[in-house]
Structure formats: structure tokens, C-alpha cells
Amino acid sequence: MDTELSLRESSFKGGEYFFNRDNQGMEISVERHIPDEEGEYAEPGFSDYDVLVYVNYGRKATEERIAALSGLHLLRFETV
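By the working numbering, the letter at position 36 of the sequence shown is numbered 117, and the numbering carries on one by one without gaps.
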């Protein structure tokens with residue numbers, strides 16, 4: 082994946098995270114997955130993972146890009 086991520090800050094996302102939006106509208110957000118002040122995880126079903134990568138794009142393109150990367154697993158895909 083030839084993507085440059087920029088460092089951002091958000092109290093909503095628990096501090097620093099990395100983000101990119103390309104010219105085709107694909108958004109990637111790389112975030113630490115740590116519990117909040119009340120001990121709750123943003124994604125409780127994936128509490129075993131320290132880092133989550135969110136991709137906002139079409140399913141087929143997302144699956145192909147994730148499959149090409151070593152060490153990443155597509156945990157869930159949802160359409161909203």
C-alpha cells in the first residue's frame with residue numbers, strides 16, 4: 082500500500098492517530114486500541130488487538146489491499 086499517513090490528535094480517538102484520505106476518497110485511520118477512562122474499548126469485540134486500522138472504501142478494493150499487506154487481518158467489514 083503506497084500511502085503516506087499524517088499524524089493527528091483527537092481526544093475522541095484517545096490521543097494521536099495516523100490518517101490519510103487519497104484522491105479516490107479512500108480513508109485510512111490507524112489508531113491505538115486502549116481502554117478509555119472507564120475501562121471500555123472502542124471495539125470491545127477486538128480487545129486483543131493493540132492497534133486497529135479503519136478503512137473507508139469499497140469492500141473488494143479494501144479486501145485486496147489488506148490481503149497484500151503482511152501482518153494485517155480484515156476483522157470486520159460493514160456497510161453504513
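C-beta atoms are modelled at their ideal positions from N, C-alpha and C, and glycine is treated no differently.
| Asked | Found |
| --- | --- |
| Give me the residue from Ala123, Gly106, Glu119, Gln105 with the minimum Cα distance to Arg113. | Ala123 |
| Keeping to the same chain, check which residues put their C-beta closer than 6 Å to that of Thr143; ignore five residues upstream and five downstream. | Val136 |
| From Asp103 to Phe158, what distance separates their C-alpha atoms? | 20 Å |
| Let me know the secondary structure DSSP gives Glu118 once reduced to three states. | coil |
| Under 8 Å, do Asp117 and Gly95 count as touching if we go by C-beta distance? | yes |
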